[in-house]
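Taking my numbering, I'd label the letters of the sequence shown as residues 513 to 659. The C-beta atom is built at its ideal place from N, Cα and C for all residues, glycine as well.
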Amino acid sequence: MGYVKYKAITKEFNFSGIIDKKDLPAYVKQYIREELILVAYKTSRDHGVFTDKKVILFDNFGKRKQIYTIPYKSISTLSIIFDDTESFLDLFLDSGYPINLRFINTSAEDKLRLRILYTCVNRLINNQEPLEIDLTRLLNNDIHLSN
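So this is what it looks like as structure tokens:
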């Protein structure tokens with residue numbers, strides 16, 4: 513369970529894959545203005561978007577949508593965990609609360625994408641510019657394993 517400003521995020525996000533930026537629903541795009549979308553993930557009904565400024569989590573249930581916006585400046589620590597078929601990003605907010613994001617059925621390319629995303633986000637939370645090569649790979653979805 514994660515918390516945002518002392519409010520529990522009780523919904524568990526089990527992202528099952530990436531979604532092409534052009535295929536994001538219109539309601540998701542409304543929350544992303546003048547930002548670069550690094551990568552977008554989906555569950556069967558929810559979305560998670562990483563931009564160059566923040567993480568936005570969309571929790572859809574029925575006709576209701578709950579949206580969590582987490583600016584990188586509010587993240588104090590970040591960790592990544594890899595398992596055989598799943599991966600986790602753990603975000604620890606300045607308030608001390610963790611947010612856990614789970615990525616299921618991750619392939620080797622998915623894990624590489626997460627490593628690159630982790631590197632970019634880590635640099636952003638430390639007030640550094642992400643490496644241009646990493647940004648380019650994420651923005652162009654150019655994720656290929658070297659032979």
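Check, Outcome
"Between which two residues does the beta strand (DSSP E) containing T661 stretch?", "Since the displayed the chain opens at 513 and closes at 659, residue 661 lies outside it and no answer follows."
"Quick check: what's the CA-CA separation for V540 versus Y609?", "25 Å"
"If you pair each beta-carbon of the region 563–580 with each one of the region 620–628, do three or more pairs fall below 8 Å?", "no"
"Taking the C-alpha atoms as reference points, what is the distance between K732 and I628?", "Nothing in the structure corresponds to residue 732, since the chain is present only between 513 and 659."
"Is the distance from the Cβ of D558 to the Cβ of F525 below 8 Å?", "yes"
"Identify whether T522 lies in helix, strand or coil by the three-state DSSP scheme.", "Any reading at T522 needs caution, since the residue's pLDDT is 44, under 50, leaving its predicted position unreliable; the model's value is listed next. T522: coil per DSSP, three-state reduction."
"Might you give, ordered along the chain, the residues of its own chain that have their beta carbon closer than 6 Å to the beta carbon of N659, omitting 5 neighbours on each side?", "A caution first: N659 carries a pLDDT of 49, below 50, which makes its placement in the model too unreliable to give a value."
"Quick check on this structure: which residue in R545, I549 and E598 has the alpha carbon closest to the alpha carbon of N652?", "I549"
"Where does E547 sit, in a helix, a strand or coil, going by DSSP?", "coil"
"Quick one: complete alpha helix (DSSP H) runs, 4+ long, within the region 581–636?", "none"
"Straight-line CA distance for Y515 to A552?", "For Y515, the predicted model reports a pLDDT of 49, less than 50, meaning its position is unreliable and no value from the coordinates is stated."
"Can you list, in chain order, the residues of its chain with a C-beta nearer than 7 Å to that of L647? Leave out the 5 residues immediately preceding and following it.", "C632"
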